[in-house]
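Going by my numbering, 215 is the number at position 149 of the sequence shown; the sequence numbering is gapless.
Beta carbons: idealized from backbone N, C-alpha and C, even for Gly.
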Amino acid sequence: MVAAAGVLAIGCAFGWQLPLHQREREPLSRQDDLAALSAAVGRLTRPGEPVLYDPPKERRIAIAYPRPLAGLRDIALGTPGPASGTLYGVDVGPTELLRRLDGARSAWLIAADEPETRGPKAPVLTGHFRLAYSLCLRGVRLERYVRAGPAH
């Protein structure tokens with residue numbers, strides 16, 4: 067009798083939560099579309115090109131969909147996640163980032179589409195590069211910058 071009541075209670079709880087679970091799985095329930103961004107990165111980039119994540123939490127795309135980003139150089143990463151004890155790693159400062167960009171003809175920026183979360187990387191790029199391509203998806207942007215003048 068107790069077992070039957072337990073099974074009934076679990077069945078009712080499952081039935082009550084099922085519509086909420088299904089709604090959570092719909093594409094429009096998410097604040098971002100990492101799958102679409104990953105597909106765009108795979109189409110637009112070439113292996114060896116530098117990529118920057120601004121802020122570092124945008125590396126979540128590389129964690130969730132590593133294949134399209136596997137050949138890109140994470141040029142701003144100073145200490146990887148595991149070595150730093152963080153999920154997304156620790157970035158270098160603007161001076162070191164500028165040194166690492168020396169000689170680069172272009173760079174990709176994967177950035178949060180909220181101005182209040184932007185870090186110091188975009189200003190480093192806009193000071194020496196010009197925006198050549200921009201793709202805005204739900205919650206995230208993919209931008210390609212090309213050097214404004216001759217590479218050093």
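Rounded to whole angstroms, residue 100 and residue 120 show a C-alpha spacing of 15 Å.
Under DSSP, residue 195 shares a beta bridge with 213. Separation of residue 133 and residue 73 (C-alpha to C-alpha, rounded to the nearest whole angstrom) is 43 Å.
Residue 190 has no beta-bridge partner at all, per DSSP. Separation of the CB atoms of residue 212 and residue 196 is rounded to 6 Å, and the pair is thereby assigned contact status at 8 Å. Secondary structure note for residue 107: its alpha helix (DSSP H) is the uninterrupted segment 100 to 110.
For residue 199, same chain residues with a beta-carbon under 7 Å away, outside a window of 5 residues either side, are 209 and 210 in chain order.
Within the model, the alpha-carbon separation for residue 115 versus residue 78 is close to 53 Å. Assignment of residue 171 by DSSP, reduced to helix, strand and coil, places it in the coil class.
DSSP, reduced to helix, strand and coil, places residue 138 outside both helices and strands of the structure shown, so it counts as coil. Taking C-alpha positions only, residue 215 is separated from residue 194 by approximately 7 Å.
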